[in-house]
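To start, the structure itself, in structure tokens.
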Amino acid sequence: MEKSAQIKVKGGATERLPGRLLKRAFFEASPEQVAPRLLGKVLAYRTAAGVLAGRIVEVEAYLGPHSDPPDPAAHSYRGATPRNQVLFGPAGHAYVYSIYGRYFCMNISCEVKGKAGCVLLRALEPLIGMKRLARNRGLAAGAATDVKLGRQLTSGPSRLCQALGLTRAAHNGVDLIDSHSPLQVRDDGYAIDEVMVTPRIGIRAAVDWPLRFALPGHPCVSGGKRLRGSVHRVE
DNA sequence: AGGCCGATCCTCT
DNA sequence: GAGGATCGGCCTA
Numbered sequence: 000m001e002k003s004a005q006i007k008v009k010g011g012a013t014e015r016l017p018g019r020l021l022k023r024a025f026f027e028a029s030p031e032q033v034a035p036r037l038l039g040k041v042l043a044y045r046t047a048a049g050v051l052a053g054r055i056v057e058v059e060a061y062l063g064p065h066s067d068p069p070d071p072a073a074h075s076y077r078g079a080t081p082r083n084q085v086l087f088g089p090a091g092h093a094y095v096y097s098i099y100g101r102y103f104c105m106n107i108s109c110e111v112k113g114k115a116g117c118v119l120l121r122a123l124e125p126l127i128g129m130k131r132l133a134r135n136r137g138l139a140a141g142a143a144t145d146v147k148l149g150r151q152l153t154s155g156p157s158r159l160c161q162a163l164g165l166t167r168a169a170h171n172g173v174d175l176i177d178s179h180s181p182l183q184v185r186d187d188g189y190a191i192d193e194v195m196v197t198p199r200i201g202i203r204a205a206v207d208w209p210l211r212f213a214l215p216g217h218p219c220v221s222g223g224k225r226l227r228g229s230v231h232r233v234e
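Here numbering that gives the first Met the number 0 is used: the first residue of the first sequence is 0, the next is one more, and so on.
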């Protein structure tokens, strides 16, 4: 019997989240600025059964209709609708939408109220609650520690929602930078050296715009060689 | 009222 | 590399 089995984690409500909460101002900038800065930050979800968390390793920026030129691939391109209204609200809120009838994707609203830019979370590196992340994905618990299977947990915009258990009904509109919120974006001091920039994935319009950002060479980034791009140093 | 389609994932070849 | 699953939301009439 392992010792760790006796140091069982306490109830989720009291369990600490890693690092410190980001500030609202972090998200009150253009999506092109916010997206690369989000790399390395932590998405943490406090549930009754304990904390789930992952490090953000791949994102995409989607520009609001006010931008010049406007972004035809963005959900906000044709203005506010019941589905996308969160994007037109204040920065730092979750925009969760359903796609293909079976999946969800999560974005974070940017800029100030009235400007609908956002950042899509495309991949996380699993950090906390690996076994439960695997179970939520319908994978064996062993996948949590298996290097080969590890990237199947949270590498993909809908995979990460499935792993954390994020849905539109429960999480659309949640404030991610409120200390009382179950879902938060936090900074644990992880430093980024380089950022890779490529076109966005899975869209039909503006296919060349360089708005996808990822940690170069990170095993949890989705896609293969095809998705290599230019690498830039970070401050 | 009806049609179209998607910021995906998984399986099979 | 290709194709199917599956349905909410948006557009057109």
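By construction, the Cβ of each residue, glycine as well, lies at the ideal position given by its N, Cα and C atoms.
{"Item": "Whole-angstrom distance between residue 141 and residue 0, CA atom to CA atom", "Value": "Low confidence applies to residue 0: its pLDDT is 35, below 50, so where it sits in the model is not reliable, and the reading given next is rough at best. So the alpha carbons of these two residues sit roughly 17 angstroms apart."}
{"Item": "For residue 55 and residue 222, the rounded distance between their alpha carbons", "Value": "15 angstroms"}
{"Item": "Contact set for residue 187: own chain, Cβ-Cβ below 6 angstroms, skip 5 residues either direction", "Value": "17, 18 and 41"}
{"Item": "Environment of residue 234 [buried if 16+ CB atoms lie within 10 Å]", "Value": "exposed"}
{"Item": "Beta-ladder partner(s) of residue 96, from DSSP", "Value": "104"}
{"Item": "8 angstroms Cβ cutoff met for residue 210 and residue 60", "Value": "yes"}
{"Item": "Where residue 154 falls, given that 16 or more other Cβ within 10 Å makes a residue buried", "Value": "buried"}
{"Item": "Between the CA atoms of residue 226 and residue 2 - distance to the nearest angstrom", "Value": "Residue confidence is low: residue 2 scores 37 on pLDDT, short of 50, so the model does not pin down where it sits. Its coordinate-derived value is still stated next. For residue 2 and residue 226, the distance between alpha carbons rounds to 43 angstroms."}
{"Item": "Own chain, CB closer than 8 angstroms to residue 164, minus 5 neighbours either side, in chain order", "Value": "44, 46, 51 and 135"}
{"Item": "Nearest-angstrom Cα separation, counted from residue 208 out to residue 119", "Value": "15 angstroms"}
{"Item": "Residue 114 versus residue 99: straight-line alpha-carbon distance, rounded", "Value": "27 angstroms"}
{"Item": "Residue 161 - containing alpha helix (DSSP H), residue span", "Value": "156-163"}
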